[in-house]
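S.K.: In the order they appear, the protein sequences are chains R and X.
Sequential numbering from 117 applies to the first sequence in my numbering.
Sequential numbering from -15 applies to the second sequence in my numbering.
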Amino acid sequence: MTVPRLSQLGIRSVVLFYLTFLLLLPVAMVFYRAFEDGFGVAWDTVTSEQGIHALQLTLTTVAIAVPLNTIFGVLAALVLVRQNFRGKAILNSLIDIPFAISPVVIGLSLVLLYGPRDTAVGQWFFQHGILIIFSTPGIVIACIFVSLPFVVREVVPVLHEIGDEQEQAAKTLGANWWQTFRRVTLPAIRWGVTYGVVISTARVLGEFGAVSVVSGKVIGETETLPLFVRQQFETFNGAGGYASALVLAVLALLTLVLMNLINRRKEN
Amino acid sequence: MGIAVQNVNKTFGDFKALDDVTLDVPDGSLTALLGPSGSGKSTLLRLIAGLEEADSGTVLLNGEDVTHVSVQDRGIGFVFQHYAAFKHMTVRDNIAFGLTIRKTPKDQIRARVKELIRLVQLNGMAHRYPSQLSGGQRQRMALARALAAQPNLLLLDEPFGALDAKVRKELREWLRNLHEEVPVTTIFVTHDQEEAMDVAQQIVVMNQGKIEQVGEPKELYENPKTEFVMGFVGEVNRLGDALIRPHDLDLSLTPIEGGEEANVERVSHLGFEVRVELSLANGDHAWAQVTRKEDEELQLTEGVSVYARPSRARKFQGAEAQGDDGASAEELQVA
Ligand SMILES: Nc1ncnc2c1ncn2[C@@H]1O[C@H](COP(=O)(O)OP(=O)(O)OP(=O)(O)O)[C@@H](O)[C@H]1O
Ligand SMILES: [Mg+2]
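Okay, structure coming up:
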């Protein structure tokens, strides 16, 4: 790579310019606005009863949706890469559906299926007194839907790259399926899984469209943190909204740092 | 542990990778599967290991039918061409893997790993990762890993295929010594006839999913049953319908009985051996392998006329046409 120095600088400036106006400045503005009138308003909003409830609901959703999608994602990747069967191509494209459909449509589709009116599935839950739509289960399902492909898509290329010789070797040495997976496959795909978990978490934390459709936005009940942020603006509490948005950003960053730490530790 | 493979067939899609293969491997022997690329060597080896399942036929280990026994339960050691080292584990942990899986006590594992590290000459490298080893060292680690749990059967798929010529030679000598020290039944795959001849006690020659011949190295070389085997285990000349090894072609400057007139096209001195390329009166080409001494006596140079006479030749009839035994060979002694 012998790009002349001048053009190197040119490329670098373009990237920096792009990042500055599309990423850094907007985020900096959020910071600035959140604390423009001091920490008081920001703190009060974030720690209000509603704010705390929204935070708890969001964390609950992450705690259910992300582990489920991680397990499913790794299994699906194993099936897609290590097994051959008819209809594999169909399964492969099915997994990408959440990428292709708008979150609002995802929300509506869930309301149709799990709402009490339109389908046998919805009616069954209704008759058994289980509320899905306008309630926490609906929010969790919506988040699972939107974040489903991330782990699969991160793990599939890694599985392709490592090949299956190490797994075969483990089998010849007496390891059963689980031992092979835990001692050989998982350590090899660890970084892929980590990355998948981090972006799934970020997506679930921030999900607005699908959740706003299925939640019914019952304040203090089915309001996740992004919905809460929106509601602050609607009630002209700008500083509070920005502060809550920062909480979301910090949570996402924490996930990233945490997963990195866990992996570093395992490496030693 | 003795192995018996009986009437095994294996297809991939509509490609027949193994075609009614039957083979006996005696207990404690060192056997080579030899054949060209795509002849089904790896498939047969993997089938014996249990990494591949036969469409039909049986595999017996020590007289016990293991056709439907999983790899894990066959008590084998397998060495892959590209090492298949566990990249995230140290040499020590790689070697210990089979023992750890079997929940062997820690102090026993430690002792066994130490013993193996000495056996495969990786002293001082126990804490390295595979990426910090050379190809030859990686393959020795893979061997130690395969041997750790004391398998009844050691299977190696082109173990030295990815290594350079010098390391290959070292390792194959080392494998032969290892087999003397640890006399476990061993089968290794190779497409290098010299490697097979040098290391193995018994060679199985494969071609297009079938076994052509099984025998000791010398037996295969001296009495090949098919034209394919004769061509694969050594060099051959074809004169009419007879096949002659280059060292079985005698040259003379004066006419001899049964000799054919030929013209010397080229003389190459390859150290001890001298290679004389000939063109015969009927247009055929052949080459003779003569010793330096013979060459000095004959003083052969390009363009000289000589008489060439096979001291030993073979004819094969209908490689495919005949029954179960395949081809029949006929030896011709001239002189
Ligand atoms: N998993 C598979 N799927 C489809 N075809 C296969 C598979 N494994 C092997 N084959 C085919 O079966 C034939 C025999 O393969 P095999 O690997 O046994 O050959 P080989 O003698 O080991 O050759 P090489 O010396 O190149 O390793 C080949 O033509 C190969 O393409
Ligand atoms: Mg092979």
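Just so it is clear, CB atoms sit at the ideal spot from N, CA and C, and this is done for glycine as well.
So, at 6 angstroms on beta carbons, what are the nonlocal neighbours of Pro265(R) in its own chain, with the 5 sequence-adjacent residues on each side left out?
M.R.: Along the first sequence, one-based indexing puts residue 265(R) at 149. Correct list, in chain order: Ile211, Asp212, Pro214, Phe215.
S.K.: Identify whether Ser263(X) lies in helix, strand or coil by the three-state DSSP scheme.
M.R.: Taking the second sequence and counting its residues from 1, the one referred to as residue 263(X) is at position 279. Residue state, collapsed to three classes: strand.
S.K.: Using a Cβ distance threshold of 8 angstroms, determine whether the region 252 to 263 of chain X contacts the region 180 to 199 of chain X, with at least three qualifying pairs required.
M.R.: Touching, no, given that fewer than three Cβ pairs across the two stretches are closer than 8 angstroms.
S.K.: Can you list, in chain order, the residues of its chain with a C-beta nearer than 8 angstroms to that of Gly322(R)? Leave out the 5 residues immediately preceding and following it.
M.R.: On the first sequence, residue 322(R) is found 206 positions in, with the first residue counted as 1. For Gly322(R), where only same-chain residues beyond five positions count, the Cβ hits under 8 angstroms are Pro342, Leu364, Ala368.
S.K.: Rounded to the nearest angstrom, what separates Thr136(R) and Phe147(R) at their Cα positions?
M.R.: Within the first sequence, the letter at position 20 stands for residue 136(R). Within the first sequence, the letter at position 31 stands for residue 147(R). Roughly 15 angstroms separates the two Cα atoms.
S.K.: Give the single residue among His231(X), Ala246(X), Gly267(X) whose Cα lies nearest to the Cα of Phe256(X).
M.R.: Counting from 1 along the second sequence, the entry for residue 256(X) is found at position 272. Out of His231(X), Ala246(X), Gly267(X), His231(X) has the C-alpha closest to the C-alpha of Phe256(X).
S.K.: If we call anything under 8 angstroms between Cβ atoms a contact, is Val327(R) one with Met375(R)?
M.R.: The residue given as residue 327(R) occupies position 211 in the first sequence. The residue given as residue 375(R) occupies position 259 in the first sequence. Contact: no.
S.K.: Listing by chain order, which chain X residues have their CB less than 7 angstroms from the CB of Pro82(R)?
M.R.: Outside the displayed range of chain R (117 to 384) lies residue 82(R), so it cannot be described from this structure.
S.K.: Using only the heavy atoms of ligand 1, determine whether one of them is closer than 7 angstroms to the beta carbon of Thr336(X).
M.R.: The structure shown does not extend to residue 336(X), since chain X spans only -15 to 319, so no value can be given for it.
S.K.: Going by other Cβ atoms of all chains shown within 10 Å of its Cβ, with 16 needed for buried, is Leu141(R) buried or exposed?
M.R.: Position 25 of the first sequence, counted from the first residue, corresponds to residue 141(R). That one is exposed.
S.K.: Which chain R residues are close to Ile60(X), counting only those with a beta carbon under 9 angstroms from its beta carbon?
M.R.: By one-based count along the second sequence, residue 60(X) stands at place 76. Neighbours of Ile60(X) on chain R, chain order: Thr288.
S.K.: Please list, in chain order, the residues of the region 187 to 213 of chain R that have any C-beta partner in chain X closer than 7 angstroms.
M.R.: none
S.K.: Spell out whether any CB of chain R is found under 8 angstroms from the CB atom of Phe(-1)(X).
M.R.: Residue mapping note: residue -1(X) aligns to position 15 of the second sequence, counting from 1. The beta carbon of Phe(-1)(X) sits no closer than 8 angstroms to any beta carbon of chain R.
S.K.: Look at the alpha carbon of Leu224(R) and the alpha carbon of Arg233(R), and state the distance between them as a whole number of angstroms.
M.R.: Taking the first residue of the first sequence as position 1, residue 224(R) is located at position 108. Taking the first residue of the first sequence as position 1, residue 233(R) is located at position 117. Each residue's alpha carbon lies about 13 angstroms from the other.
S.K.: Less than 8 angstroms between the C-beta atoms of Thr388(R) and Thr340(R), yes or no?
M.R.: Chain R is shown only over 117 to 384; residue 388(R) falls outside these bounds and no answer can be derived.
S.K.: Am I right that Asp141(X) and Gln65(X) are in contact with their C-beta atoms under 8 angstroms? What's the rounded C-beta distance?
M.R.: As a working note, residue 141(X) is residue 157 in the second sequence. As a working note, residue 65(X) is residue 81 in the second sequence. Between Gln65(X) and Asp141(X) the Cβ distance is about 5 angstroms, and since that is below 8 angstroms, they are a contact.
S.K.: Please name the residue or residues paired with Glu249(X) in a DSSP beta bridge.
M.R.: By one-based count along the second sequence, residue 249(X) stands at place 265. In the DSSP output, where bridge partners are listed per residue, Glu249(X) has none listed.
S.K.: Taking only three categories from DSSP, how would you classify Ile187(X)?
M.R.: Here residue 187(X) is taken as the residue at index 203 of the second sequence, counted from 1. If DSSP states are grouped into helix, strand and coil, Ile187(X) belongs with the strands.
S.K.: What is the DSSP secondary structure of Leu117(X), counted as helix, strand or coil?
M.R.: Position 133 of the second sequence, counted from the start, is the residue given in the question as residue 117(X). If DSSP states are grouped into helix, strand and coil, Leu117(X) belongs with coil.
S.K.: Taking one C-beta from the region -13 to -3 of chain X and one from the region 23 to 42 of chain X each time, how about it: are there three or more such pairs within less than 8 angstroms?
M.R.: yes
S.K.: Per the DSSP calculation, Ser289(X) is bridged to which residue(s)?
M.R.: Along the second sequence, one-based indexing puts residue 289(X) at 305. For Ser289(X), which the question treats as bridged, DSSP gives the partners Asn247(X).
S.K.: Are there any heavy atoms of ligand 2 lying less than 7 angstroms away from the beta-carbon of Glu281(R), as far as the coordinates show?
M.R.: Locating residue 281(R) in the first sequence gives position 165, counting from the first residue. For Glu281(R), the CB stays at least 7 angstroms from every heavy atom of ligand 2.
S.K.: With a threshold of 8 angstroms between beta-carbons, can Leu45(X) be considered close to chain R, or not?
M.R.: Sequence index remark: in the second sequence, residue 45(X) carries index 61 (1-based). No, Leu45(X) does not count as interfacial toward chain R.
S.K.: Under the criterion of a Cβ to heavy atom distance below 7 angstroms, does Gly325(R) qualify as lining ligand 1?
M.R.: Within the first sequence, residue 325(R) is the residue found at index 209, counting from 1. No; taking the cut-off as 7 angstroms, the Cβ of Gly325(R) has no heavy atom of ligand 1 nearer than that.
S.K.: Looking at C-beta atoms only, is the number of pairs between the region -3 to 7 of chain X and the region 50 to 66 of chain X that lie closer than 8 angstroms three or more?
M.R.: No: the two stretches stay apart, fewer than three of their Cβ pairs being nearer than 8 angstroms.
S.K.: Tell whether a beta-carbon distance below 8 angstroms holds between Gly34(X) and Pro135(X).
M.R.: Taking the first residue of the second sequence as 1, we reach residue 34(X) at position 50. Taking the first residue of the second sequence as 1, we reach residue 135(X) at position 151. In this structure, Pro135(X) does not lie closer than 8 angstroms to Gly34(X) by Cβ.
S.K.: When every heavy atom of ligand 1 is checked, does at least one fall within less than 7 angstroms of the C-beta of Ala285(R)?
M.R.: Looking up residue 285(R) in the first sequence gives position 169. No, ligand 1 has no heavy atom inside 7 angstroms of this Cβ.
S.K.: Quick one: which unbroken alpha helix (DSSP H) runs of 4-plus residues sit fully inside the region 275 to 363 of chain R? Chain order, please.
M.R.: 281 to 288, 293 to 296, 302 to 322, 325 to 331, 341 to 350
S.K.: Who are the Cβ neighbours of Leu138(X) in its own chain at under 6 angstroms, not counting the five residues just before and after it?
M.R.: On the second sequence, residue 138(X) is found 154 positions in, with the first residue counted as 1. Correct list, in chain order: Gly61, Val168, Thr170.
S.K.: Buried or exposed: Gly307(X), going by 16 or more other Cβ atoms within 10 Å of its Cβ?
M.R.: Counting from one through the second sequence, the residue named residue 307(X) turns up at place 323. Per-residue confidence for Gly307(X) stands at a pLDDT of 36, beneath the threshold of 50, marking its modelled position as unreliable; the derived number appears in the next sentence. With fewer than 16 other Cβ atoms within 10 Å, it is exposed.
S.K.: How would you call Arg298(R), buried or exposed, if buried means at least 16 neighbouring beta carbons within 10 angstroms?
M.R.: To locate residue 298(R), count along the first sequence from 1; it is residue 182. Exposed: under 16 other Cβ atoms inside 10 Å.
S.K.: With hydrogens ignored, establish whether the beta-carbon of Glu178(X) is closer than 7 angstroms to any heavy atom of ligand 2.
M.R.: Along the second sequence, one-based indexing puts residue 178(X) at 194. Because no heavy atom of ligand 2 lies under 7 angstroms away, the Cβ of Glu178(X) does not count as near it: no.
S.K.: Over what stretch of residues does the alpha helix (DSSP H) that includes Asp160(R) continue unbroken?
M.R.: Numbered from its first residue, the first sequence carries residue 160(R) at position 44. Its alpha helix (DSSP H) spans residues 155 to 162.
S.K.: For chain X, check one thing: does any of its Cβ atoms lie closer than 8 angstroms to the Cβ of Gln124(R)?
M.R.: As a first step, residue 124(R) is located in the first sequence; it is residue number 8 there, counting from the start. It does not: the Cβ of Gln124(R) has no partner Cβ on chain X nearer than 8 angstroms.
S.K.: What is the DSSP secondary structure of Val258(X), reduced to helix, strand or coil?
M.R.: Locating residue 258(X) in the second sequence gives position 274, counting from the first residue. Val258(X): strand per DSSP, three-state reduction.
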